[in-house]
Amino acid sequence: MTSTLDVGDARLAYTEAGSGDPVVWLHGSGPGATGMSNFGGNLAAFEDYRNIVVDLPGWGSSPRPATDEPLIFHAAERVCRAMTALGIERAHLVGNSYGGAVAMRIAMRRPDRVNRLVLMAPGGVLPTDAPPWPVGLERLFGYMAAQKPSREAMAEFVRLMVFDETLATESLIDERYESSLRAHPELPIPPNFGDLTPDLALVAAPTLLVWGREDQTVPLAWAPRILEGIPDAELRVLPHCRHWVQYERAPEFNHIVREFLQGGATAVAEG
1387 MTSTLDVGDA
1397 RLAYTEAGSG
1407 DPVVWLHGSG
1417 PGATGMSNFG
1427 GNLAAFEDYR
1437 NIVVDLPGWG
1447 SSPRPATDEP
1457 LIFHAAERVC
1467 RAMTALGIER
1477 AHLVGNSYGG
1487 AVAMRIAMRR
1497 PDRVNRLVLM
1507 APGGVLPTDA
1517 PPWPVGLERL
1527 FGYMAAQKPS
1537 REAMAEFVRL
1547 MVFDETLATE
1557 SLIDERYESS
1567 LRAHPELPIP
1577 PNFGDLTPDL
1587 ALVAAPTLLV
1597 WGREDQTVPL
1607 AWAPRILEGI
1617 PDAELRVLPH
1627 CRHWVQYERA
1637 PEFNHIVREF
1647 LQGGATAVAE
1657 G
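The numbering used here puts the last residue of the sequence shown at 1657; the count rises by one with no breaks.
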């Protein structure tokens, strides 16, 4: 069940499940995204943790903020406030794409709040030659910019998120489409995300990067800058997988992340 928290200048929606050490789950920025649409299928494997699955400002049941502040910076501060309201001093952070950028920002600015950091193809750090945008981001921004996006546009977007297109089910497309219409557009166009590149070295938490080798949204070629910039970072690459690693390769993702959160070593490897 979704609950809401007062975070000072807004309300933030979240779902809580399990008990144990806290893990805060931060979703991506795709149209129709919510915390549970990104991570609901993973929570059963983490029932021995206290899972806080957030709807970031502007997505799901969290109202869109009225701010000129970069979105990553704004969201990171509200997540920290939510942690405080929930009595959580420190937590593991698991962030997908945009949510990975929000997690990095928290780790940079509030290292005292972060135990371990798991980032799936995180945003916020672009190569100098990044534009023109990868096809996944083009579809994402195009959908957000449309006055009245179509279900077919959502279907095209969802199919780009997975290597195995049979996972882009009609029910998933319908769910994301209906969710997107309730909050459209979740992003301002053009979006002001904010640049995390100058502060990568401030991330002190042990960090696991998880990437789909065939990602067409935040390409694997963007990973080295983050891997080299964060002092205690390692990378795991899953083949035959695109942007939604936690969905497309859920069993492997759950195993890798659990091992990492428990302090075990994960190989820097492909496959």
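Idealized CB from N, CA, C, for every residue including glycine.
Can you name the residues that DSSP bridges to residue i?
i	result
L1594	V1504 and E1620
D1392	R1397
Could you give the first and the last residue of the continuous beta strand (DSSP E) run that contains residue i?
i	result
E1402	R1397 to A1403
I1575	Looking at the DSSP string, I1575 is not in any beta strand (DSSP E), and its letter there is neither H nor E.
L1412	P1408 to L1412
R1438	One point to set straight first is that residue 1438 is Ile, not Arg, in the sequence displayed. First-last of the beta strand (DSSP E) with I1438: R1436 to D1441.
V1480	A1477 to N1482
Assuming the contact rule is C-beta atoms closer than 8 Å, residue i and residue j should be a hit. Round their C-beta distance to whole Å, please.
i	j	result
G1510	F1579	6 Å
I1458	L1582	7 Å
G1481	L1505	6 Å
V1488	L1412	5 Å
P1456	S1483	Going by Cβ atoms, the distance from P1456 to S1483 rounds to 16 Å, so no, they are not a contact pair.
E1600	F1549	5 Å
R1545	A1554	5 Å
E1551	R1525	Incorrect: roughly 14 Å between the Cβ atoms, too far for contact.
L1647	H1478	5 Å
Whose CA, out of the options, lies closest to the CA of residue i?
i	options	result
P1625	D1618, G1615, R1644 and P1605	P1605
G1649	G1615, Q1632 and E1620	E1620
V1643	H1629, L1595 and G1394	L1595
A1419	A1591, E1538, T1552 and M1547	M1547
Q1359	G1598, P1617 and G1615	Beyond the ends of the chain as shown, which are 1387 and 1657, falls residue 1359; an answer cannot be given.
E1638	M1422, H1413 and A1431	A1431
T1593	A1403, N1501 and L1523	N1501
D1498	S1566, T1470 and R1622	T1470
G1473	L1391, G1421, Y1484 and A1452	L1391
P1443	A1569, A1403 and A1477	A1569
P1617	A1590, M1530 and Y1563	A1590
A1403	S1389, G1414, G1416 and S1415	S1389
L1503	R1495, R1496 and M1490	M1490
A1531	P1577, N1640 and P1584	P1577
L1523	R1537, L1567, S1536 and H1629	H1629
E1661	M1494, E1433 and H1478	For residue 1661 there is no data in the structure shown, the boundaries of the chain being 1387 and 1657.
Quick one: give me the first and last residue of the alpha helix (DSSP H) that residue i is part of.
i	result
D1560	E1556 to A1569
T1470	L1457 to A1471
I1474	Run containing I1474: none; DSSP gives neither H nor E here.
E1538	R1537 to L1546
M1422	G1421 to F1425
P1610	A1609 to G1615
G1528	V1521 to A1531
P1513	No alpha helix (DSSP H) contains P1513, which DSSP labels as neither H nor E.
F1432	No alpha helix (DSSP H) contains F1432, which DSSP labels as neither H nor E.
| field | Contact between the stretch 1400–1413 and the stretch 1433–1443 (3+ Cβ pairs under 8 Å) | value | yes
| field | Contact between the stretch 1516–1527 and the stretch 1553–1565 (3+ Cβ pairs under 8 Å) | value | no
| query | If we count Cβ pairs, one from each stretch, closer than 8 Å, do we get three or more for the stretch 1392–1401 versus the stretch 1442–1462? | reply | Counting Cβ pairs under 8 Å, three or more are found: they touch.
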